[in-house]
Amino acid sequence: MVIALIVSGGKGVRMGSAIPKQFLELAGVPVLIRTLMAFDAVDEIDHLVLVLPEQYFSYFRELGYKPEKPLVLVPAGKERQDSVRNGLLKASDLDEDSVVVIHDGVRPLVSAETIRMGIRHALEYGAAACGVHPKDTIKGMDDKGFSSGTLDRNRYLMIQTPQCFRTKEILKGHDEILKQRRMVTDDTMVYEESFGPVYLYEGEYANIKITTEEDLLLAEQILSRK
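First residue of the sequence shown: 484, per this note's numbering; consecutive thereafter.
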């Protein structure tokens, strides 16, 4: 089984809106719904797990979204890593031998091919994540604020989601992080700590994370050209 784990645990109100950013509309459709639609349309995905603040369960249901694939709601945790772990526990309950595709709920423009590539690479290598090369020159900076060298941007990726793993392994990694009481910002970091390198593949510049008003405007422009 392949399970899409959509992480949408944010409660913060941004961009002057009365609702969290995942519920803001992108071309007439809530951002989170567009994200779910992207995964629901991929044949390789068998089940959808949505991690959401529990106080927004009713709000989400009132949107009336009915995916073709089974969808289960899971309460978000205090931090992102807690939310991911909650979702992984549910994924493990569904099928402990599954592959899980972890994705930010506010990345609605991900393509089906990027999702499929992540699944294929995870099945082959154990773990995979997409990313894009920086477009700007990357400089090192010393503790006094002066430049300390230039990095080869061709050897660096700005990591995005989806990030794909074997559910059993990434859950074990999260359990270890929890025992150590460590904070992480990314699931590839969790996997690397317990199992080693993650296979990285080329993502899409259009697969933006919507966190600001400018991001939303850019997403609208990208969507209008598809």
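We treat Cβ as the ideally placed atom computed from N, Cα and C, and that holds for glycine.
First through last residue of the alpha helix (DSSP H) which encompasses residue i
{"i": "Gln564", "result": "Arg563 to Leu577"}
{"i": "Met672", "result": "Asp670 to Phe678"}
{"i": "Gln704", "result": "Glu696 to Ser707"}
Residue environment, residue i, which counts as buried when at least 16 other CB atoms sit within 10 Å
{"i": "Tyr639", "result": "exposed"}
{"i": "Asn690", "result": "buried"}
{"i": "Gly609", "result": "buried"}
{"i": "Ile450", "result": "Look at the range of the chain in this structure, 484 to 709, and you will see that residue 450 is not part of it."}
{"i": "Pro591", "result": "buried"}
{"i": "Asn569", "result": "buried"}
{"i": "Gln663", "result": "exposed"}
{"i": "Tyr688", "result": "exposed"}
{"i": "Ala501", "result": "exposed"}
{"i": "Leu531", "result": "buried"}
{"i": "Asp619", "result": "exposed"}
{"i": "Ser491", "result": "buried"}
DSSP bridge partner residues for residue i (one or two, in chain order)
{"i": "Glu685", "result": "Gly614"}
{"i": "Ala501", "result": "Ala501 is not bridged to any residue."}
{"i": "His530", "result": "Ile486"}
{"i": "His586", "result": "Ile489"}
{"i": "Glu508", "result": "Pro513"}
{"i": "Gln646", "result": "Ile585 and Ala612"}
Within 9 Å, strictly: CB atoms of residue i and residue j
{"i": "Val534", "j": "Val485", "result": "no"}
{"i": "His586", "j": "Pro536", "result": "no"}
{"i": "Phe648", "j": "Tyr674", "result": "yes"}
{"i": "Val593", "j": "Leu488", "result": "no"}
{"i": "Leu706", "j": "Ala510", "result": "yes"}
{"i": "Ile528", "j": "Lys552", "result": "yes"}
{"i": "Gly656", "j": "Ser677", "result": "yes"}
{"i": "Gln505", "j": "Gly588", "result": "yes"}
{"i": "Lys651", "j": "Asp580", "result": "yes"}
Residue i (DSSP reduced to helix, strand or coil)
{"i": "Ala521", "result": "helix"}
{"i": "Met666", "result": "coil"}
{"i": "Leu654", "result": "helix"}
{"i": "Leu661", "result": "helix"}
{"i": "Leu640", "result": "coil"}
Continuous beta strand (DSSP E) stretch holding residue i: start and end
{"i": "Thr620", "result": "Note, Thr620: premise wrong, no beta strand (DSSP E); not H, not E."}
{"i": "Phe540", "result": "No beta strand (DSSP E) holds Phe540; the alpha helix (DSSP H) holding it covers Phe540 to Glu545."}
{"i": "Ser631", "result": "Ser630 to Leu634"}
{"i": "Leu592", "result": "Neither: Leu592 is in no beta strand (DSSP E) and is coded neither H nor E."}
{"i": "Pro536", "result": "Per DSSP, Pro536 belongs to no beta strand (DSSP E) and is neither H nor E."}
{"i": "Pro553", "result": "Premise fails: Pro553 is in no beta strand (DSSP E) and is neither H nor E."}
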